[in-house]
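Asker: Each residue of the sequence shown is one higher than the one before, counting from 0 in numbering that gives the first Met the number 0.
Every residue, glycine too, gets a C-beta built ideally from N, C-alpha and C.
From a predicted model like this one, the values you see are computed outputs, not experimental measurements.
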Amino acid sequence: MMKVDRLVNGYDVERVCFLEYCMLSSNLGRKMPRKYQRKENARPRALWTEEQLQEAINKVSSGEISKREAHRRYHVPPKTLKRRMASGNLQKGSLGPEGVLGHKNEKRLVVHIQRLAAAGFAPDRNTARRLAYNFAEKLKLKHKFSHNSGMAGYSWLPSFLERNPELTIRQAEGLSLLRARGMNREETSKFFQLLIDILTENNLLDKPSHIFNMDETGVQLINKPGKVLTTKGARDVHVLTSKERGENVTVVACCSADGRFIPPTLIFKGVNRKAEFSDGLPAGSKIYMNRKSSFINSELFLKWLKEQFIPNKPSGKCLLILDGHTSHSTDGDMLQVADDNDIIILCLPSHCTQALQPLDRSFFKPFKTYFNHEAQLWMKHNASRNLTRYQAGALIGKSWLRSASVATAINGFKATGIYPVDPNAIPDHFYSITDSAMADTSPERDANRPSLGLPSTSPTSSAQACGRGDEGDGPQITPSKFLQEVSYIPKVPVSFEQRFKQSAAVLTSPENITKRVRPDKHNTTNVTAKKKKLRVQKKTARGRARKKSMERQRR
0 MMKVDRLVNG
10 YDVERVCFLE
20 YCMLSSNLGR
30 KMPRKYQRKE
40 NARPRALWTE
50 EQLQEAINKV
60 SSGEISKREA
70 HRRYHVPPKT
80 LKRRMASGNL
90 QKGSLGPEGV
100 LGHKNEKRLV
110 VHIQRLAAAG
120 FAPDRNTARR
130 LAYNFAEKLK
140 LKHKFSHNSG
150 MAGYSWLPSF
160 LERNPELTIR
170 QAEGLSLLRA
180 RGMNREETSK
190 FFQLLIDILT
200 ENNLLDKPSH
210 IFNMDETGVQ
220 LINKPGKVLT
230 TKGARDVHVL
240 TSKERGENVT
250 VVACCSADGR
260 FIPPTLIFKG
270 VNRKAEFSDG
280 LPAGSKIYMN
290 RKSSFINSEL
300 FLKWLKEQFI
310 PNKPSGKCLL
320 ILDGHTSHST
330 DGDMLQVADD
340 NDIIILCLPS
350 HCTQALQPLD
360 RSFFKPFKTY
370 FNHEAQLWMK
380 HNASRNLTRY
390 QAGALIGKSW
400 LRSASVATAI
410 NGFKATGIYP
420 VDPNAIPDHF
430 YSITDSAMAD
440 TSPERDANRP
450 SLGLPSTSPT
460 SSAQACGRGD
470 EGDGPQITPS
480 KFLQEVSYIP
490 KVPVSFEQRF
500 KQSAAVLTSP
510 ENITKRVRPD
520 KHNTTNVTAK
530 KKKLRVQKKT
540 ARGRARKKSM
550 ERQRR
């Protein structure tokens, strides 16, 4: 059989296919490297830095050394030095080809991602890859992204993050819409102005031992698995837990600005309080029982105020800062007791405790971390038993001793700006959502914004203007309007009608106590009886109307 040579562009097709087969066979089981790897014996390149280049240019320009001597001292090749001296470019670029989007467009993508994160819609990995693909399609760039999946390659994102170190991958935390809307600079400024007035009027500016913060948190009596070590490639990794869902226990915590913690108070659901519940708790701790739930209510808060706070507070006037929960702010008897004992209760604005509450900023997270660690150790040594309320005291006591330190309390007050008083202590990222929602995005402002040489949307100039985004040069880098089309930035409305929103207020003021205190029962009308009488009157009126209509029909 005659062999026919198939030549394409001077190459033997069969030989080329055989060589490709050999290369694929030798690389079986190996992954394609994400980054280009230079050969071991290859000549090193670009060993100089921008500082060395600047110094070499200065020395050569002044005539102190020659270009060859500069090469020996600063590792800058003579040809590179000559070219850089002629162009005046001192920036050291990266070796190899540029990214698919180009430097300018990548910076636009970075700014757009940062704006999405500031608005509360930070993209995940796949969303970022899909955004890069759609951006490249809008710019009509040549790329090797997958058209089937509509996303950039899996290895594109790590390289993109390396080229733009201002971005990173973080574990996001959920933020409710009410908290996002409620945390604004206006409410914060009102709170700090009220705080300064209270501290000044009562001479508490230099008395951190008289400034307290009280709050409660829920603890689940169950060990929560975390990241563990196991066999590589294992699909299902299990960690034993005592139950599917643990019982909830409320822990009431209170600390002062000088680092002193009041002993904790635990609230269980039920009626019968047993002595075993307090085993292992710090000295002075209390156990309260709530018939309906394990949450705090007005009666338990008044009891805590009388039994825990008043005996442990210093003499003289004290400031107690807490949130606006109904158990803290609606009981007139509690407010009267606080006023009689020189306690000034300052209520935080609604939905702002994540930034303004010292216990939330510094204490509760390490406390729950230590509790989960102690619960995991207990489960390891008691694998055949369930974690119940009888072990809650010992586990919470150990966690309390590890987390309730002087530095923790002081750092919490410092981070919130309560003591020392510093309204600027609140980081800007707490206001990022409301700031982006209130930003002026009017068409007039966009029209007056300086042009950055962004690609045009007209079909005649889009192919020329897009390229890799390196032709235009502007005063600052902003996202392209193509990015707005591909992924618009949602705005959280801040001007909307709410239900009752609690602003910062002094609950122990005479006006508030007069409004909240229970009036005398003999001088007031029974509201329940009044409503019942009104319902009877309405029912009687409907019956009379029905009777009249029936009589008319008979006639």
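Among Ser326, Ile342, Ser293, which residue has its Cα nearest to the Cα of Arg315?
Answerer: In the sequence shown, counting from the first residue as 1, residue 315 sits at position 316. Position check: residue 315 holds Gly in this sequence, whereas Arg was assumed. The residue with the shortest Cα to Cα distance from Gly315 is Ile342.
Asker: Count the other C-beta atoms from every protein chain shown that fall within 10 angstroms of the C-beta of Asn57, then say buried if there are 16 or more, exposed otherwise.
Answerer: Counted from its first residue, the sequence shown places residue 57 at position 58. Exposed is the call here.
Asker: Tell me Asp214's beta-bridge partners as DSSP assigns them.
Answerer: Locating residue 214 in the sequence shown gives position 215, where the first residue counts as 1. Paired residue(s): Ala252.
Asker: Please name the residue in Arg184, Asp421, Leu156 whose C-alpha comes closest to that of Arg128.
Answerer: Locating residue 128 in the sequence shown gives position 129, counting from the first residue. Minimum Cα distance to Arg128 is reached at Leu156.
Asker: Counting Cβ pairs, one atom from each stretch, are 3 or more of them under 8 Å apart for the segment 501-510 and the segment 142-159?
Answerer: Cβ pair count under 8 Å is below three, so no.
Asker: Looking at C-alpha atoms only, which residue of Ala55, Arg162, Ile425, Thr387 is the closest neighbour of His102?
Answerer: Mapped onto the sequence shown, residue 102 falls at position 103. The shortest Cα separation from His102 among Ala55, Arg162, Ile425, Thr387 belongs to Arg162.
Asker: If I follow the unbroken beta strand (DSSP E) through Leu265, where does it start and stop?
Answerer: As a working note, residue 265 is residue 266 in the sequence shown. Run containing Leu265: 260-268, per the beta strand (DSSP E) assignment.
Asker: Cutting at 6 Å between CB atoms, please list the residues of its own chain near Gly283, excluding the five before and the five after it.
Answerer: Position 284 of the sequence shown, counted from the start, is the residue given in the question as residue 283. The residues are Pro262.
Asker: How should Arg272 be labelled, buried or exposed, when 16 other C-beta atoms within 10 angstroms of its C-beta is the threshold for buried?
Answerer: For the purposes of this step, residue 272 is taken as the residue at position 273 of the sequence shown. Result: exposed.
Asker: Excluding sequence positions up to five away, which residues of its chain have a Cβ less than 8 Å from the Cβ of Thr240?
Answerer: Residue 240 sits at position 241 when you count from the first residue of the sequence shown. Taking C-beta separations shorter than 8 Å and ignoring five residues to either side along the sequence, the partners of Thr240 in its chain run Ile221, Asn222, Lys223, Pro224, Met378, following chain order.
Asker: Candidates Lys537, Gln51, Lys106: which alpha carbon is nearest Thr79's?
Answerer: By one-based count along the sequence shown, residue 79 stands at place 80. Cα-wise, what sits closest to Thr79 is Gln51.
Asker: Measure the alpha-carbon distance for Gly396 versus Gly217 and round it to whole angstroms.
Answerer: On the sequence shown, residue 396 is found 397 positions in, with the first residue counted as 1. On the sequence shown, residue 217 is found 218 positions in, with the first residue counted as 1. Those two C-alpha atoms are separated by around 15 Å.
Asker: Three-state secondary structure (DSSP) at Tyr287?
Answerer: On the sequence shown, position 288 is the one that residue 287 refers to. If DSSP states are grouped into helix, strand and coil, Tyr287 belongs with the strands.
Asker: Which of helix, strand or coil does DSSP assign to His318?
Answerer: Reading the sequence shown from its first residue, position 319 is the one you call residue 318. Residue 318 is actually Leu in this sequence, not His. Strand.
Asker: According to DSSP, is Leu345 part of a helix, a strand, or is it coil?
Answerer: For the purposes of this step, residue 345 is taken as the residue at position 346 of the sequence shown. If DSSP states are grouped into helix, strand and coil, Leu345 belongs with the strands.
Asker: Shorter than 8 Å, the distance from the beta carbon of Leu174 to the closest heavy atom of the ligand HEM, or not?
Answerer: This structure lacks the ligand HEM, and indeed carries no ligand of any kind.
Asker: Enumerate, from N- to C-terminal direction, the unbroken alpha helix (DSSP H) stretches of 4 or more residues contained entirely within the segment 349-376.
Answerer: 352-355, 357-361
Asker: Quick check: the segment 285-305 against the segment 167-186, are there 3 or more CB pairs under 8 Å?
Answerer: With the cut-off at 8 Å, the segment 285-305 and the segment 167-186 do not touch.
Asker: For the candidate residues Lys231, Lys537, Gln53, Ile64, whose alpha-carbon lies nearest to that of Ser86?
Answerer: Against the sequence shown, residue 86 aligns to sequence position 87. Checking every option, the nearest Cα to that of Ser86 belongs to Gln53.
Asker: Would you tell me roughly how many angstroms separate the C-alpha atoms of Ala374 and Leu394, rounded to the nearest one?
Answerer: By 1-based counting over the sequence shown, the position of residue 374 is 375. By 1-based counting over the sequence shown, the position of residue 394 is 395. The straight-line gap from Cα to Cα measures roughly 7 Å.
Asker: Over what stretch of residues does the alpha helix (DSSP H) that includes Pro157 continue unbroken?
Answerer: By one-based count along the sequence shown, residue 157 stands at place 158. Note, Pro157: alpha helix (DSSP H), 155-162.
Asker: According to DSSP, is Ser328 part of a helix, a strand, or is it coil?
Answerer: Translated into the one-based positions of the sequence shown, residue 328 becomes position 329. Helix, per DSSP.
Asker: So Leu321 packs on His327, CB below 8 Å; how close in whole Å?
Answerer: For the purposes of this step, residue 321 is taken as residue 322 along the sequence shown, with counting starting at 1. For the purposes of this step, residue 327 is taken as residue 328 along the sequence shown, with counting starting at 1. The Cβ separation is near 5 Å, so the contact holds.
Asker: Taking the CB atoms as reference points, tell me whether Pro313 and Asn212 lie closer together than 9 Å.
Answerer: The residue labelled residue 313 in the question sits at position 314 within the sequence shown. The residue labelled residue 212 in the question sits at position 213 within the sequence shown. No.
Asker: Determine the direct distance from the alpha carbon of Phe370 to that of Asp445, and round the result to whole angstroms.
Answerer: Taking the first residue of the sequence shown as position 1, residue 445 is located at position 446. Taking the first residue of the sequence shown as position 1, residue 370 is located at position 371. Per-residue confidence for Asp445 stands at a pLDDT of 43, beneath the threshold of 50, marking its modelled position as unreliable; the derived number appears in the next sentence. Each residue's Cα considered, the two are about 52 Å apart.
Asker: According to DSSP, is Asp445 part of a helix, a strand, or is it coil?
Answerer: Position 446 of the sequence shown holds residue 445. For Asp445, the predicted model reports a pLDDT of 43, less than 50, meaning its position is unreliable; a value from the coordinates is still stated below. Helix at Asp445.
Asker: Which first and last residues belong to the alpha helix (DSSP H) in which His102 is found?
Answerer: As a first step, residue 102 is located in the sequence shown; it is residue number 103 there, counting from the start. Counting along the chain, the alpha helix (DSSP H) containing His102 begins and ends at 102-117.
Asker: Give me whichever residues DSSP pairs with Ala382 in a beta bridge.
Answerer: Residue numbering aside, residue 382 sits at position 383 when the sequence shown is read from its first letter. For Ala382, which the question treats as bridged, DSSP gives no partner whatsoever.
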